[in-house]
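Quick note: the sequence shown uses our numbering, first residue 6, plus one each step.
From the three backbone atoms N, C-alpha and C, an ideal C-beta is built for every residue, glycine too.
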Amino acid sequence: MNEREFSRKIVQALDAGPDLPAEVLARLAAARAQAIEAQRRVEPSPALAIVDGIASHLTGPSQWFMHVLLPAMLLIGGLVSLHYWQESQQSAVAAAEAAELDARLLKGDLPIDAYLDHGFQAWLKRSSD
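Next comes the structure, spelled out in structure tokens:
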């Protein structure tokens, strides 16, 4: 007997209905309802269960700290960290651009003193216009 035949026989038996006493059918229905209800309940993750257990024992200022102040401090800390990270990224880009400009200046034909001469800067502006 393969799986298809076995499942077909189970379906036929269930469709025919069990010939059990009404008391047994009532207990099975109650057990089924209880199992479905238990399945519907969402179990929190272990970490959240620990925090919830701790928070449930706290009252007064401690509870206020756990529910309001701690999340606010974590949010502010995350924002400050993000700001410093962005600043370091921007300074790294600026340093790379400065290094690239320096490399182009050193590779060029003009001496560096020519770029420091204000008359040369004025001549460059007039020639580009």
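A direct Cα-to-Cα measurement between residue 103 and residue 121 gives close to 16 Å. Between the C-alpha atoms of residue 9 and residue 46 there is a straight-line separation of about 34 Å. Here the alpha carbon of residue 12 sits roughly 10 Å from the alpha carbon of residue 18.
Assigned with DSSP and collapsed to three states, residue 26 falls in coil, not helix or strand.
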